[in-house]
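Colleague:
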Amino acid sequence: MIENLVFVLVLAAAIVVFYKSISRISRMIKSGKSIEIKDHPKERWKLMGKVAIGQSKMVARPLSAIFHIFVYVGFLVVNIEMIEILIDGVAGTHRVLSFTGTIYPVLISVFELFALSVILACAVFLSRRNIIRLKRFWNKEMTLWPRSDANIILITEILLMSAILIMNASDSILQDRNHGHYAAVGSFLVSGGIKPLLSGMSEGSLIFLERFTWWFHIVGVLIFLNYIPFSKHLHVFLAFPNVFYSKLGPKAKMAAISSITNEIRLMLNPSAEVPLQTEGTEIGQFGAKDVPDYTWKNLMDAFTCTECGRCTSSCPANITGKALSPRKIMMDVRDRAEELDSFYRKNPKDQSDGKSLLDKITTEEIWACTTCNACVQECPVNIDPVAVILELRRYLFLEKSAAPGELNIMFTNIENNGAPWQFSPEDRLKWAHDAGLEVPLMADLFSQGKKPEYLFWVGSSGAFDDRYKKVSVQFVKILNALKIDYAVLGPEETDTADSARRSGNEMLYQMQTLQIIELLKSYEVKKILTCCPHDFNTFKNEYPDFGGNFEVVHHSQFLSKLINEGKINLNSSQFKGKNITYHDPCYLGRGNGEYEAPRHIIRELKDSTFTEMKRNREFSLCCGAGGGQMFKEAEKGNKEVFIERIEDAIETKADIVATACPFCMVMMTDGIKYKNMEETMKNYDIAELVAIAMGL
Ligand code: SF4
Ligand code: SF4
828 MIENLVFVLV LAAAIVVFYK SISRISRMIK SGKSIEIKDH PKERWKLMGK
878 VAIGQSKMVA RPLSAIFHIF VYVGFLVVNI EMIEILIDGV AGTHRVLSFT
928 GTIYPVLISV FELFALSVIL ACAVFLSRRN IIRLKRFWNK EMTLWPRSDA
978 NIILITEILL MSAILIMNAS DSILQDRNHG HYAAVGSFLV SGGIKPLLSG
1028 MSEGSLIFLE RFTWWFHIVG VLIFLNYIPF SKHLHVFLAF PNVFYSKLGP
1078 KAKMAAISSI TNEIRLMLNP SAEVPLQTEG TEIGQFGAKD VPDYTWKNLM
1128 DAFTCTECGR CTSSCPANIT GKALSPRKIM MDVRDRAEEL DSFYRKNPKD
1178 QSDGKSLLDK ITTEEIWACT TCNACVQECP VNIDPVAVIL ELRRYLFLEK
1228 SAAPGELNIM FTNIENNGAP WQFSPEDRLK WAHDAGLEVP LMADLFSQGK
1278 KPEYLFWVGS SGAFDDRYKK VSVQFVKILN ALKIDYAVLG PEETDTADSA
1328 RRSGNEMLYQ MQTLQIIELL KSYEVKKILT CCPHDFNTFK NEYPDFGGNF
1378 EVVHHSQFLS KLINEGKINL NSSQFKGKNI TYHDPCYLGR GNGEYEAPRH
1428 IIRELKDSTF TEMKRNREFS LCCGAGGGQM FKEAEKGNKE VFIERIEDAI
1478 ETKADIVATA CPFCMVMMTD GIKYKNMEET MKNYDIAELV AIAMGL
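Each residue of the sequence shown is one higher than the one before, starting from 828 at the first, in the numbering used here.
1. Quick check on DSSP: helix, strand or coil for Phe1402?
2. For Phe1067 versus Met855, is the C-beta distance shorter than 8 Å?
3. Do you know how far the Cα of Phe1302 is from the Cα of Asn1089?
4. In chain order, what residues of the same chain have a beta carbon less than 6 Å from the beta carbon of Thr1105, not counting five sequence neighbours either side?
5. Give the secondary structure of Leu1151 by DSSP, where H, G and I count as helix, E and B as strand, and everything else as coil.
6. Since Arg1426 and Tyr1409 should fall inside the 8 Å C-beta cutoff, what is the C-beta to C-beta distance between them, to a whole number of angstroms?
7. Select from Lys884, Leu1167 and Ala1290 the residue whose C-alpha is nearest the C-alpha of Asp1254.
8. According to DSSP, Ala1485 sits in a beta bridge with which residue or residues?
9. What do you reckon, are the CB atoms on Leu1001 and Val1017 nearer than 8 Å?
10. Identify, in the order they occur along the chain, each residue of the same chain with its Cβ nearer than 8 Å to the Cβ of Glu1515, setting aside the five sequence neighbours on each side.
11. Hey, Pro932 and Ser1014: beta-carbon distance below 8 Å or not?
12. Buried or exposed: which applies to Val1517, given that a residue is buried once 16 or more other Cβ atoms fall within 10 Å of its Cβ?
13. Taking 7 Å as the cut-off, is the CB of Cys1450 close to at least one heavy atom of ligand 1?
14. Taking only runs that begin and end inside the stretch 1350-1390, name each unbroken alpha helix (DSSP H) of 4 or more residues, in chain order.
15. Quick check on this structure: which residue in Ile1210, Val1315 and Asn906 has the alpha carbon closest to the alpha carbon of Ala1270?
16. What three-state label does DSSP hand Ala1262 in the structure shown?
17. Does the structure place the stretch 1439-1459 close enough to the stretch 1220-1240 that three or more beta carbon pairs sit under 8 Å?
18. When you compare each of Leu987, Gly1020, Ser975 and Glu1462 to Ala996 by their alpha carbons, which one comes out closest?
19. I need the DSSP call for Phe1283, collapsed to helix, strand or coil.
20. Taking the alpha-carbon positions, what's the Leu1525 to Glu870 distance?
21. Following a CB-centred definition, is Val898 positioned closer than 7 Å to any heavy atom of ligand 2?
22. Classify Phe1015 as helix, strand or coil using the three-state DSSP reduction.
23. Taking 8 Å as the cut-off, does the stretch 1187-1207 touch the stretch 1155-1170 (at least 3 CB pairs, one atom from each stretch)?
24. Considering only C-alpha positions, which residue in the set Ile1407, His867, Val1285 and Gly1232 is nearest to Leu1075?
25. Do you know how far the Cα of Arg963 is from the Cα of Glu1474?
26. Pick helix, strand or coil for Val835, following the three-state DSSP scheme.
27. Run the CB neighbour count on Pro1489, radius 10 Å, all protein chains shown included, and call it buried at 16 or more, exposed below.
28. Does ligand 1 have a heavy atom nearer than 7 Å to the CB of Leu1151?
29. Hey, could you find the ends of the alpha helix (DSSP H) Gly916 is sitting in?
30. List, from N- to C-terminal side, the beta strand (DSSP E) runs of 3 residues or more that fit wholly inside the stretch 929-984.
31. Return the residue from the list Asp1292, Thr1321 and Ala1308 that minimises the CA-CA distance to Gly1245.
32. For the stretch 1049-1097, list the alpha helix (DSSP H) runs that are entirely contained and at least 4 residues long, ordered along the chain.
33. Please state whether the Cβ-Cβ distance between Pro1252 and Pro1360 is less than 8 Å.
34. Quick check on the DSSP output: the alpha helix (DSSP H) that includes Cys1138 runs from which residue to which?
35. How big is the Cα-Cα spacing for Ser944 and Ile958?
36. When burial is assigned at 16 or more other CB atoms within 10 Å of the CB, is Phe1402 buried or exposed?
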């Protein structure tokens, strides 16, 4: 009776404390800005089933996936036994479910097998962290509490599972000796194996051991439950809602700041009446400098982080020795939320503690990101560290004018010349004239009452970058040879300012965007063709937020389709015997899910071989140029990202590195030069490969 009373009191205390801790977490998450995420509920349930319940993103690292599934399923299944323990504890029964007869020992044996698998998996995880010392568990943010936290969790799980097995073994021996109410529970599979170790014990000792492990297990579980809200283990609860509410659609899409849209719209057209509805939040301050500036979803991300480090181990900046670690970014947001919450609890009347997230995250970390989305791809619980970084960039530029100097030069050039470099808009067609090419101009055709099927968006690199101008030439030769109905904007084209947006300059990006949309609408453009994955992403995913809806095709998709339709014949043997590898541009691959079109083109090149780099498709390594990096010096590290990437290409022993992006081309070409391999390794764009194979 006293035992039951103690049990009920312990249980009630544990529930009250747990409720308070969960309320604290909920309060901290709700301290973020409010946003509504109610779209596509079916898709969201499916995603949760696949990623959170099905653990689909763990599969990429099979060994760790298997052991994680052991722990995940094992812990869930073993805790079903908790139902019996709870009933026994409250009602004073012993093994209340044993009325199920012969089913009972089978059931308990299954639980025991799972308990054993949890012990095994935790032992492996402990050794990976403490003996093998996997690099991702030893980054600088993984000292002190984060490292102890992981070890505490693993050791606790081993102890809890061991308690179950010892409890069952001692119970079985007592049963074998036909001792009172310990009788008739059957024999169990795993604990049967440890019975010989305990068989010499007296009945009194066995009863004590059985009771002790029973109490140890249940009190341990309750303590563990109350430890979870203070640990990275919180993901066992938050992973499900976090995945449910995670970003659907293309990873590379950025949300707009709608207050800027309205401002620019009024600037461009003061008589406009209805504000454009854009995705994003209405905010008084641009970007984020502290936790309350983020949405509740960003904060839920931070509290869901398991600190597994998969993001950091795939981050090109971190791999090459820079200070940025996406895991640390999420941990900093969480730590700052906790710091702020405890400050407001102690000082309810104060407005601010005088600190901000920028005291934890340095500008060196913020500007090192290439926005490659490798971290988002890797995260097993769909956390988005890039969103956090980009809001900090927005704050730094829009509120503090504190972007790196080289980025300011890029912004000024776009403002003045409509290109990130100092070139005149009048020279936007010089690449074609220099090559003696006839390229139809949209303005000319439109004035003749013609509406070409495609607008070929040349892009600033296609118009001005010495190497990429050659790609524009080759692509136009293909269009002309196939008699495609297209036109270019020529001097009317301007930069999409995608790099400016990713560098925090939302104002410039939206200014360019609204003007471009106006221009395209004036020509009644329906389809856009572009070689640049950054412009492709901008037109396809981001323009709809501003009222620009176009069919957007990347040149690799366009060429692949024409090959499929038999309109392009790649039968010439120009690439005979050549080994070709392909570098996935982040904004085409990971950002927009297009992996196959460029590969299809390469495979169609007669008598050549195609070799994948070890990091490919969704796990491809960035070239290092995205997110504005193309226009600035890289942050301090031990290597340039493009060198790390060209080494992947060199490993394939390729003669040709194929690319499908102007930025990637610059970086891969630099990499080849850096390695002094210009004689043995060439870099071609997909369009050039097709043009050469067509004999153009
Ligand atoms: S987007 Fe790429 S560079 Fe930026 S934090 Fe994520 S992995 Fe690192
Ligand atoms: S953000 Fe995701 S991948 Fe990175 S440490 Fe946290 S849980 Fe792991």
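Every residue gets a Cβ at the ideal spot worked out from N, C-alpha and C, and that includes glycine.
Modeller: With the given structure in hand:
1. Mapped onto the sequence shown, residue 1402 falls at position 575. Of the three classes helix, strand and coil, the one that applies to Phe1402 here is coil, per DSSP.
2. One-based indexing of the sequence shown puts residue 1067 at position 240. One-based indexing of the sequence shown puts residue 855 at position 28. Not a contact, by the Cβ cut-off of 8 Å.
3. If you number the sequence shown from 1, residue 1089 lands on position 262. If you number the sequence shown from 1, residue 1302 lands on position 475. Roughly 38 Å separates the two Cα atoms.
4. Taking the sequence shown and counting its residues from 1, one reaches residue 1105 at position 278. Because Thr1105 sits at a pLDDT of 48, beneath the cut-off of 50, its placement in the model cannot be relied upon, and the following sentence gives the value as read from the coordinates. If we look at Thr1105 and ignore the five residues flanking it on each side, its Cβ neighbours are Ala1083, Ser1085, Thr1088 and Asp1372.
5. Your numbering for residue 1151 matches position 324 in the sequence shown. The answer is coil: DSSP assigns Leu1151 none of H, G, I, E or B.
6. Here residue 1426 is taken as the residue at index 599 of the sequence shown, counted from 1. Here residue 1409 is taken as the residue at index 582 of the sequence shown, counted from 1. At roughly 6 Å, the Cβ-Cβ gap stays under 8 Å, so Arg1426 and Tyr1409 are in contact.
7. Here the question's residue 1254 lines up with position 427 in the sequence shown. Of the listed residues, the one whose Cα sits closest to Asp1254 is Ala1290.
8. Position 658 of the sequence shown holds residue 1485. Bridge partners of Ala1485: Tyr1409 and Tyr1511.
9. Indexing the sequence shown from 1 puts residue 1001 at position 174. Indexing the sequence shown from 1 puts residue 1017 at position 190. For Leu1001 and Val1017, no; Cβs fall outside 8 Å.
10. Position 688 of the sequence shown, counting from 1, holds the residue named residue 1515. Excluding residues within five positions, the ones whose Cβ falls inside 8 Å are Lys1297, Val1298 and Gln1301.
11. As a first step, residue 932 is located in the sequence shown; it is residue number 105 there, counting from the start. As a first step, residue 1014 is located in the sequence shown; it is residue number 187 there, counting from the start. Cβ distance < 8 Å, so Pro932 and Ser1014 count as in contact.
12. Position 690 of the sequence shown, counting from 1, holds the residue named residue 1517. Counting Cβ neighbours within 10 Å, Val1517 comes out buried, since at least 16 surround it.
13. In the sequence shown, residue 1450 corresponds to position 623, counting from 1. Result no, Cβ not under 7 Å from ligand 1.
14. 1360-1364
15. By 1-based counting over the sequence shown, the position of residue 1270 is 443. Checked all of Ile1210, Val1315 and Asn906; the closest Cα to Ala1270 is Val1315.
16. For this step, residue 1262 is matched to residue 435 along the sequence shown. Ala1262: coil per DSSP, three-state reduction.
17. yes
18. For the purposes of this step, residue 996 is identified with residue 169 of the sequence shown, where counting begins at 1. Comparing Cα-Cα distances from Ala996 to each of Leu987, Gly1020, Ser975 and Glu1462, the minimum goes to Gly1020.
19. Counting from 1 along the sequence shown, the entry for residue 1283 is found at position 456. DSSP places Phe1283 in strand when its eight states are reduced to three.
20. No information on residue 1525 is available, as it lies outside the stretch 828 to 1523 that the chain covers here.
21. Within the sequence shown, residue 898 is the residue found at index 71, counting from 1. The answer is no for Val898.
22. For the purposes of this step, residue 1015 is identified with residue 188 of the sequence shown, where counting begins at 1. In this structure, Phe1015 counts as coil in the three-state DSSP scheme.
23. yes
24. Residue mapping note: residue 1075 aligns to position 248 of the sequence shown, counting from 1. Of Ile1407, His867, Val1285 and Gly1232, the residue nearest in Cα terms is His867.
25. In the sequence shown, the residue the question calls residue 1474 occupies position 647. In the sequence shown, the residue the question calls residue 963 occupies position 136. The alpha-carbon atoms of Glu1474 and Arg963 are separated by roughly 21 Å.
26. What you label residue 835 is simply residue 8 of the sequence shown in a count that begins at 1. Here Val835 sits in helix by DSSP.
27. The residue you call residue 1489 lines up with position 662 of the sequence shown. Result: buried.
28. As a working mapping, residue 1151 is identified with position 324 in the sequence shown. Yes, the beta carbon of Leu1151 sits closer than 7 Å to at least one heavy atom of ligand 1.
29. To locate residue 916, count along the sequence shown from 1; it is residue 89. Where Gly916 is concerned, the enclosing alpha helix (DSSP H) stretches over Glu908 to Ala918.
30. none
31. What you label residue 1245 is simply residue 418 of the sequence shown in a count that begins at 1. Residue Thr1321 is the option with its Cα nearest to Gly1245.
32. 1062-1071 and 1085-1095
33. As a first step, residue 1252 is located in the sequence shown; it is residue number 425 there, counting from the start. As a first step, residue 1360 is located in the sequence shown; it is residue number 533 there, counting from the start. Their beta carbons are not under 8 Å apart, which means Pro1252 does not touch Pro1360 by this criterion.
34. Stepping through the sequence shown from its first residue, residue 1138 is reached at position 311. Element bounds for Cys1138: Arg1137 to Ser1141.
35. Sequence index remark: in the sequence shown, residue 944 carries index 117 (1-based). Sequence index remark: in the sequence shown, residue 958 carries index 131 (1-based). Looking at the two C-alpha atoms, the distance is approximately 20 Å.
36. Counting from 1 along the sequence shown, the entry for residue 1402 is found at position 575. Classification of Phe1402: buried, given that the 10 Å Cβ count is 16 or more.
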